[in-house]
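Q: Take a look at this one; I'll ask things after.
Residue numbers (the numbering used here): -8 to 396.
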């Protein structure tokens, strides 16, 4: 169990809240009466499910919105914990580290890091083409919108099951700063914070981060005693808002995350001696592996019982089969950065022209132990560019035209 402490700074106030333990005593002060519960109607919830700000009651879609306060109370810090609060949504981590999204029973069960999910992932309407790009922490959000059902008309891409849109907290014309400290078992310590600074009357800057650490693995190998499950992950975001005139405004966002946590590892439960590799096996050759020496290594180190399926202890793994020195134990080495620019020009009250351009770059160089042997590193890079131009009329007519290129 983790304990949380919050610190919030605004322009003129300082607030500190933390978890307190009651101590025994002879007397206690009379508690103040609890305030009446605040009722929030559906009309107060504003979403952008149709790419325009409107009340959730006016959206003819199955949509669920979680506010920043709800995300904090539910302790939603990643996409897996998001599934605990959204009915019909399931997020399962594959052994390769790729999250598998399923919404209303529709999903794509694949471990390929370049496979497109049936559940679209977006940040401020910018698409993340691959589910693995959503592997970072969740922090400093205005809200999360989950749209259920096909969304290809407005969002495009493969969104046959629905989509998840993470709406970030935007810069404001008021100074504010805040932070959260979380402590827990398995030597867990997490930090989260944000800083919002106004830059004159027409610009503002906001930066936020979240750092997650767990130095003691919670999983224990039953045959060798190795620990697995350490967490070393952080994410950051910087936003610059500017409005040089009353008809033009822009928002530049740079966000990213890094993951150096332990990856999943296979646990041997049985051994089939009839499928042992032989030197004369015609279907398998040295060229079938990334490392030519891997076949010979497997032939010379085949285990005779399940307890030997680890081949080598994690500390002893090195460049035996072509791995770079120091890349021994199963560990993630993933880096993601996303840049986004949103420009809005409103020449009159009847029309707005919005340009949304983004660039995503994801690099993954993880060591994943699929079967106990020190396998080759998986290395993949992709960086799609997705500019888009939209014409948005007044709210009375509700039409939209878009260009993607």
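Virtual Cβ for every residue (Gly too), placed ideally from N, Cα, C.
Anyone know if the C-beta pair for residue 89 and residue 102 falls short of 7 Å?
A: Counted from its first residue, the chain shown places residue 89 at position 98. Counted from its first residue, the chain shown places residue 102 at position 111. Cβ distance < 7 Å, so residue 89 and residue 102 count as in contact.
Q: On the criterion of 16 or more Cβ atoms from any shown chain inside 10 Å, does residue 53 qualify as buried, or is it exposed?
A: Locating residue 53 in the chain shown gives position 62, where the first residue counts as 1. With fewer than 16 Cβ atoms within 10 Å of its Cβ, residue 53 is classed as exposed.
Q: Please classify residue 183: is it buried, with 16 or more other beta-carbons within 10 angstroms of its beta-carbon, or exposed?
A: Within the chain shown, residue 183 is the residue found at index 192, counting from 1. Answer is buried; the Cβ neighbour count reaches 16.
Q: Can you check the stretch 42 to 117 for any alpha helix (DSSP H) of at least 4 residues that lies completely inside it and give the ranges in chain order?
A: 59 to 64 and 70 to 73
Q: Taking the DSSP output, what are the residues bridged to residue 329?
A: Taking the first residue of the chain shown as position 1, residue 329 is located at position 338. DSSP, once it has assigned bridges, lists 246 and 351 as partnering residue 329.
Q: What is the rounded straight-line gap between the Cα of residue 254 and the Cα of residue 202?
A: In the chain shown, counting from the first residue as 1, residue 254 sits at position 263. In the chain shown, counting from the first residue as 1, residue 202 sits at position 211. One C-alpha to the other measures close to 18 Å.
Q: Return the CA-CA distance between residue 226 and residue 125, expressed in angstroms with no decimal places.
A: Locating residue 226 in the chain shown gives position 235, where the first residue counts as 1. Locating residue 125 in the chain shown gives position 134, where the first residue counts as 1. So the alpha carbons of these two residues sit roughly 11 Å apart.
Q: Identify whether residue 160 lies in helix, strand or coil by the three-state DSSP scheme.
A: Reading the chain shown from its first residue, position 169 is the one you call residue 160. In the structure shown, residue 160 sits in coil (DSSP, three-state: anything other than H, G, I, E or B).
Q: Report, in whole angstroms, the separation of the C-beta atoms of residue 230 and residue 161, which I expect to be a contact under 8 Å.
A: One-based indexing of the chain shown puts residue 230 at position 239. One-based indexing of the chain shown puts residue 161 at position 170. Correct: roughly 7 Å between the Cβ atoms.
Q: Do residue 115 and residue 136 have their CB atoms nearer than 7 Å?
A: To locate residue 115, count along the chain shown from 1; it is residue 124. To locate residue 136, count along the chain shown from 1; it is residue 145. In this structure, residue 136 does not lie closer than 7 Å to residue 115 by Cβ.
Q: If we count the other Cβ atoms within 10 Å of its Cβ and call it buried at 16 or more, is residue 108 buried or exposed?
A: Here residue 108 refers to the residue found at position 117 of the chain shown. It is buried - the Cβ of residue 108 has at least 16 other Cβ atoms within 10 Å.
Q: Quick one: what does DSSP say residue 167 is sitting in, helix, strand or coil?
A: In the chain shown, the residue the question calls residue 167 occupies position 176. Residue state, collapsed to three classes: strand.
Q: Relative to the alpha-carbon of residue 228, which residue among 140, 217 and 132 has its alpha-carbon at the smallest distance?
A: Counting from 1 along the chain shown, the entry for residue 228 is found at position 237. Ranking 140, 217 and 132 by Cα distance to residue 228 puts 132 first.
Q: Could you tell me the alpha carbon to alpha carbon distance between residue 176 and residue 209, rounded to whole angstroms?
A: Against the chain shown, residue 176 aligns to sequence position 185. Against the chain shown, residue 209 aligns to sequence position 218. Each residue's alpha carbon lies about 9 Å from the other.
Q: Excluding the 5 residues flanking residue 150 on each side, which residues of the same chain have their C-beta closer than 6 Å to its C-beta?
A: In the chain shown, the residue the question calls residue 150 occupies position 159. Only 111, 142 and 143 meet the Cβ criterion.
Q: Helix, strand or coil for residue 123, going by three-state DSSP, please let me know.
A: Within the chain shown, the letter at position 132 stands for residue 123. Helix, per DSSP.
Q: Let me check understanding here. Comparing Cα to Cα, which of 181, 246 and 207 lies closest to residue 68?
A: By one-based count along the chain shown, residue 68 stands at place 77. Residue 68 has its Cα closest to that of 181, out of 181, 246 and 207.
Q: Using the three-state DSSP reduction, which class does residue 143 fall into: helix, strand or coil?
A: Here residue 143 refers to the residue found at position 152 when the chain shown is read from its first residue. Collapsing the DSSP output to three states places residue 143 in a helix.
Q: Quick check on residue 66: buried or exposed, where buried means 16 or more other Cβ atoms within 10 Å of its Cβ?
A: Here residue 66 refers to the residue found at position 75 of the chain shown. That one is exposed.
Q: For residue 189, which residues does DSSP report across the bridge?
A: By one-based count along the chain shown, residue 189 stands at place 198. Per DSSP, 195.
Q: Exposed or buried, residue 19, counting other C-beta atoms within 10 Å across all chains shown (16 or more means buried)?
A: Taking the chain shown and counting its residues from 1, one reaches residue 19 at position 28. At residue 19 the pLDDT is 37, less than 50, meaning the model places this residue with poor confidence and gives no usable figure here.
Q: Could you check how far apart the C-beta atoms of residue 80 and residue 94 are, in whole angstroms? I think they sit under 8 Å.
A: Within the chain shown, the letter at position 89 stands for residue 80. Within the chain shown, the letter at position 103 stands for residue 94. Residue 80 to residue 94, Cβ: 5 Å. Contact.
Q: Tell me, please, which residues DSSP counts as bridged to residue 208.
A: One-based indexing of the chain shown puts residue 208 at position 217. Paired residues: none, contrary to the question.
Q: Can you tell me where the beta strand (DSSP E) holding residue 236 begins and where it ends?
A: Within the chain shown, numbered from 1, the residue matching residue 236 stands at position 245. Per DSSP, residue 236 belongs to the beta strand (DSSP E) from 222 to 236.
Q: In terms of DSSP beta bridges, what is residue 183 paired with?
A: To locate residue 183, count along the chain shown from 1; it is residue 192. Per DSSP, 171 and 201.
Q: Have a look at residue 152 and residue 98 and give me their C-alpha separation to the nearest angstrom.
A: For the purposes of this step, residue 152 is taken as the residue at position 161 of the chain shown. For the purposes of this step, residue 98 is taken as the residue at position 107 of the chain shown. Roughly 7 Å separates the two Cα atoms.
Q: Would you mind working out which of 122, 243 and 92 sits nearest residue 327, comparing C-alpha positions?
A: For this step, residue 327 is matched to residue 336 along the chain shown. When only C-alpha atoms are compared, the closest one is 122.
Q: Give the straight-line distance between the Cα atoms of residue 322 and residue 171, rounded to the nearest whole angstrom.
A: As a first step, residue 322 is located in the chain shown; it is residue number 331 there, counting from the start. As a first step, residue 171 is located in the chain shown; it is residue number 180 there, counting from the start. In a straight line, the C-alpha of residue 322 is about 27 Å away from that of residue 171.
Q: Helix, strand or coil, according to DSSP, for residue 344 in the structure here?
A: Along the chain shown, one-based indexing puts residue 344 at 353. In the structure shown, residue 344 sits in a strand (DSSP, three-state: E or B).
Q: Going along the chain, which residues of its own chain have a beta-carbon closer than 6 Å to the beta-carbon of residue 85, five neighbours each way excluded?
A: Counted from its first residue, the chain shown places residue 85 at position 94. Excluding residues within five positions, the ones whose Cβ falls inside 6 Å are 91 and 102.
Q: Where residue 55 and residue 119 are concerned, what is the direct C-alpha to C-alpha distance, given to the nearest angstrom?
A: Within the chain shown, residue 55 is the residue found at index 64, counting from 1. Within the chain shown, residue 119 is the residue found at index 128, counting from 1. Those two C-alpha atoms are separated by around 20 Å.
Q: Based on DSSP bridge pairs, tell me the residues matched to residue 239.
A: The sequence position of residue 239 within the chain shown is 248, counting from 1. According to DSSP, residue 239 bridges with 236 and 336.
Q: Using the C-alpha atoms, what's the distance from residue 235 back to residue 446?
A: No answer is possible for residue 446: the residues shown for the chain start at -8 and end at 396.
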